[in-house]
Structures are given as structure tokens and as C-alpha cells.
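K.L.:
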Amino acid sequence: MIQVRFNTAIESGKVKIKIPQEEYSNKIKKAANKVGDSYLLSETDLQLLALALELKTQGEQPKIITDDYSIQNVAKQNGIEFYALATFGIKKLLEWIRYCPACHKEYSINSSFTVCQICGTDLKRKPKRTTRKTK
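All residue numbers for the sequence shown refer to this note's numbering, where the first residue is -1 and numbers rise by one.
#1: First and last residue of the alpha helix (DSSP H) that includes K27?
#2: By how many angstroms is the C-alpha of K74 removed from the C-alpha of R130?
#3: Near I63, what residues of its chain come up, given a Cβ to Cβ distance below 6 Å and the 5 sequence neighbours on each side ignored?
#4: Rounded to whole angstroms, what's the CA-CA distance from Y97 to L49? Just pull it up for me.
#5: Comparing C-alpha positions only, which one of I69, T42, R3, N5 sits nearest to D35?
#6: Only counting the same chain, and skipping five residues up and downstream in sequence, which positions put a Cβ closer than 8 Å to that of N71?
#7: Specify the secondary structure class of I88 as computed by DSSP and reduced to three states.
#8: Are I78 and R123 closer than 8 Å when you measure CB to CB?
#9: So is D120 buried or exposed if we call it buried at 16+ other beta carbons inside 10 Å?
#10: When you compare only the Cα positions, how much space is there between K126 and V2?
#11: Spatial neighbours of S23 within its chain, please: CB distance less than 8 Å, with the 5 preceding and 5 following residues excluded, ordered by chain position.
#12: Could you tell me which residues DSSP puts in a beta bridge with E136?
And the structure:
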């Protein structure tokens, strides 16, 4: 029954299936790498963001509904609106660092390491601190 409804929605034009152009996929992948969210985003997440960016550049106003902070972060970086359902959502753009919670060694966010090369502890990530200027 669900398949019939889905097919009817496609045939009537209420649902459209679209794959984003490669240009927008590349822009989103680059943006995700820049803020350190690329390794947490699935291919589907990246395609969703790329399609939203493509629609935005065509004058549409896409809105993504998600509680995923990585999707929200990349969306915010690209000026794509998003709404959170069960969380408050992010308020500002986040840049991440990976670090060892035991010895505090920091790694590039795009590092392929999952454990600390010094002590063997599993790496974690946290937002990069921004330094505030004091007057």
C-alpha cells in the first residue's frame, strides 16, 4: 500500500526524485572537510546538503529538518536553513578538533587515526575554542 502511494505521488508530481549536480556535491564535501564534519556525514547526508545548496542557488528556499549537528553545521556554513525537532540545534558555526582525552595530543580533524598514536586511547572530537578578545 505504501509503495502504491509513493508511486502515485511521483506520477502526480507531488514527489520529485533528484540527484544533485556534481558541482554542488564537491562544494559540500569541501565545506564539510573545512569544518571537520566530513567523516561523520554519510553519502546520503552529503547528497541532501548538495541538493539543498543547488536549490538555493536556483532561487528556492530549501529547509532541512534534522537533529544531526554535523548536517546543521555544514548547512549553516552554506547558508541553508534547517530546523531541529528534538534538540535546540546549533547556534553558531562549529569547527572541530580531534584529541586524545588521556594525553591531550591533538590531531587534524581529517586524520585517519581513530586511536592516539602516543598512548592508544580512542580519539574524541570537540569544538575548537575561539579566543575572545578582551578590551
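Idealized CB from N, CA, C, for every residue including glycine.
Being a predicted model, the structure only gives us computed values, none of them experimental.
P.N.:
On the basis of the data shown:
#1: 20 to 33
#2: Confidence at R130 is low in this model, with a pLDDT of 45, below 50, so the placement of that residue should be treated as unreliable; the coordinate-derived value is given next. So the two alpha carbons sit approximately 22 Å from each other.
#3: Y81
#4: 32 Å
#5: I69
#6: V33, D35, I88, L91, L92
#7: coil
#8: no
#9: exposed
#10: 48 Å
#11: L44, Q45, A48
#12: Here the chain covers residues -1 to 133 and nothing more, so residue 136 does not appear.
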